[in-house]
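Trainee:
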Amino acid sequence: MIELVLVAAGLTLIAIGVFYDFVGAVGLLRLPNFFTRLHAATAGAIGGAVVPMIGASLVALGAEYLGPPRFFLAGAAFASGLLLMILAQAGSHAIARAAYLSGEAPREPILYDALEKGGGE
Amino acid sequence: MRLREVVVAVSVALMVLLLAYVVSAGGLGPLAPRELRELARSYLANAYNPWNVTQSSLSLEAVTAIVWDYRGIDTFFETSVLFASIVGVSLIFRGYRERPGIGGRGLSEIVKTSTRVLLPLILVAGVSIALHGHLTPGGGFQGGSFIAVLLVLATVVFSLDFLVERGLASGRLLALRSAGLLGVLATSVALLAVGLALGIDAYIFQNMVREGSELSMPQWLLDRPTGGTLLFFNVFEALAVAAGLALAFLVLSLREEEVGEAMAAGEWHE
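Heads up: the sequence lines are chains A and B, in that order.
Counting in this note's numbering, the first sequence runs from 1 upward without gaps.
Counting in this note's numbering, the second sequence runs from 1001 upward without gaps.
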């Protein structure tokens, strides 16, 4: 019973990941400037890779026919998801900061710029 | 979205699908054969063969056994070629001097914090890949590349001072690189030296007991096979590759104040 619950929860997380990947792909094509497109790509990385990775670890835990190796699979998937959650946003932050400070990427259309008013740095 | 973009996207997808179908049906030449050739079969049978040690290197990884035992001299020269290219890089940039405290601040605090989490993990992964080179896929070059990536990442994120303050300036890296290469050399002639001292026949690059020679490298460490020379080769190769690649990157990422003399020498020659 608990295995079934684990597999169902894992598959749900993977389905959520597919949705995020789709949203990220559409956003990458349709959003107007560099920063918003980077936001879409990061949503694809966090929602579309970290969430399904944790889902895959749940599925591996629930798949009893895999035998004891399933714990290695689950642990590796969970650790990879955790690391990606820390690193994907750090990478996006580094790219966005470099693009903003160098002024290479056009900022229009923009509603509010906290960094320009001395909010950051 | 215009009609043209849709047509382009759909036709590209169709072409990929068709190509995959044609390749999997064997339309672009024969696929890899299912039966192994005689040469491959003999290597697979002999890489770990405790019943016939004279043909074996007692390594569970056939690739490492071939690279460092069956064709060890080739690999030694490959390592030397990489060393020569590192020497070339430092020759071109001669006259530079690292000066800590010029003040590169590196990237922002967020990136620095997440990199601090990552650095020990990369180090552990690189060392384990190098030490398990004779048991699992990987080996000295791959593990050394991991450690070089660690040093490059630290240089980019924390600035060049990070390496220099920790004593990994270019002179030290070159010394480590040379030590690794000398270790490879010493491992390859170790049994020959022992054989000469004891008056027994031995070969260069000898690993296990061979025909006409009783000498052998240690085969087991506790309850694990060491692959004889393979463990030593992998460790020294990892050291050499990590130091060499990090040195090349360090020289390429020097700051303007530091390469001043090298650039001046270039202008003087013109």
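Note that CB positions come from ideal geometry on N, CA and C, so glycine has one too.
Treat the numbers as computed from the prediction; the structure is a model and nothing was measured.
Is the segment 1163–1178 of chain B touching the segment 1243–1252 of chain B, taking contact as three or more C-beta pairs under 8 Å?
Mentor: Cβ pair count under 8 Å is three or more, so yes.
Trainee: By the criterion of Cβ-Cβ separation under 8 Å, what are the contact partners of B:Leu1173 in chain A?
Mentor: Here residue 1173 of chain B refers to the residue found at position 173 of the second sequence. Under the 8 Å cutoff, chain A gives no residues; its nearest Cβ is about 26 Å from B:Leu1173.
Trainee: If we count the other Cβ atoms within 10 Å of its Cβ and call it buried at 16 or more, is B:Ile1200 buried or exposed?
Mentor: Sequence index remark: in the second sequence, residue 1200 of chain B carries index 200 (1-based). Exposed: under 16 other Cβ atoms inside 10 Å.
Trainee: Here's the rule: buried if 16 or more other CB atoms are within 10 angstroms of the residue's CB, otherwise exposed. What is A:Ile54?
Mentor: Locating residue 54 of chain A in the first sequence gives position 54, counting from the first residue. By the 10 Å Cβ count, A:Ile54 comes out buried.
Trainee: Who pairs with B:Pro1225 in a beta bridge, going by DSSP?
Mentor: Counting from 1 along the second sequence, the entry for residue 1225 of chain B is found at position 225. Paired residue(s): B:Trp1220.
Trainee: Let me know the secondary structure DSSP gives B:Ser1253 once reduced to three states.
Mentor: One-based indexing of the second sequence puts residue 1253 of chain B at position 253. Here B:Ser1253 sits in coil by DSSP.
Trainee: For the segment 1091–1103 of chain B against the segment 79–88 of chain A, do three or more pairs of beta-carbon atoms, one drawn from each stretch, fall closer than 8 Å, so that the two count as touching?
Mentor: No: the two stretches stay apart, fewer than three of their Cβ pairs being nearer than 8 Å.
Trainee: Taking Cβ positions, are B:Ala1279 and B:Leu1121 nearer each other than 9 Å?
Mentor: Only positions 1001 to 1270 of chain B appear in this structure, which leaves residue 1279 of chain B out of reach.
Trainee: Return the CA-CA distance between B:Leu1014 and B:Val1008, expressed in angstroms with no decimal places.
Mentor: Along the second sequence, read from residue 1 onward, the residue named residue 1014 of chain B stands at position 14. Along the second sequence, read from residue 1 onward, the residue named residue 1008 of chain B stands at position 8. If I take the Cα positions, the gap works out to 10 Å.
Trainee: Tell me, please, whether the CB atom of A:Ala94 is closer than 9 Å to any CB atom in chain B?
Mentor: On the first sequence, position 94 is the one that residue 94 of chain A refers to. Taking Cβ atoms only, chain B reaches closer than 9 Å to A:Ala94, which makes this a yes.
Trainee: Got a sec? Which residues, its chain only, sit under 7 Å from B:Ile1204 by beta carbon, not counting five neighbours each side?
Mentor: Numbered from its first residue, the second sequence carries residue 1204 of chain B at position 204. Result list for B:Ile1204: Ser1188, Val1189 and Leu1192, in chain order.
Trainee: Name the residues in the segment 36–66 of chain A whose C-beta lies less than 8 Å from a C-beta of chain B; which are they?
Mentor: Taking 8 Å as the Cβ-Cβ cut-off against chain B, none of the residues of the segment 36–66 of chain A qualify.
Trainee: Can you pull the chain B neighbours of A:Leu87, defined as C-beta to C-beta under 8 Å?
Mentor: Taking the first sequence and counting its residues from 1, the one referred to as residue 87 of chain A is at position 87. Those within 8 Å of A:Leu87 in chain B are Ser1114 and Leu1118.
Trainee: Out of curiosity, what's the CA-to-CA distance linking B:Asp1069 and B:Ile1147?
Mentor: What you label residue 1069 of chain B is simply residue 69 of the second sequence in a count that begins at 1. What you label residue 1147 of chain B is simply residue 147 of the second sequence in a count that begins at 1. So the alpha carbons of these two residues sit roughly 24 Å apart.
Trainee: Pick helix, strand or coil for A:Ser92, following the three-state DSSP scheme.
Mentor: Along the first sequence, one-based indexing puts residue 92 of chain A at 92. Three-state DSSP puts A:Ser92 in a helix.
Trainee: Which chain B residues sit within Cβ distance under 7 Å of A:Ala90?
Mentor: Within the first sequence, residue 90 of chain A is the residue found at index 90, counting from 1. Under the 7 Å cutoff, chain B gives Ile1110, Val1111 and Ser1114.
Trainee: Hey, quick one: how far does the alpha helix (DSSP H) through A:Pro52 stretch, first residue to last?
Mentor: As a first step, residue 52 of chain A must be located in the first sequence, where it is residue number 52. It spans Val51 to Gly62 - the alpha helix (DSSP H) in which A:Pro52 sits, taken as one unbroken run.
Trainee: Does the CB of A:Leu83 have a neighbour CB from chain B at under 9 Å?
Mentor: Translated into positions along the first sequence, residue 83 of chain A becomes position 83. Closer than 9 Å to some Cβ of chain B, the Cβ of A:Leu83 qualifies, so yes.
Trainee: Using only the alpha-carbon positions, how far apart do B:Thr1075 and A:Leu115 sit?
Mentor: As a first step, residue 1075 of chain B is located in the second sequence; it is residue number 75 there, counting from the start. As a first step, residue 115 of chain A is located in the first sequence; it is residue number 115 there, counting from the start. Whole-angstrom Cα-Cα distance: 54 Å.
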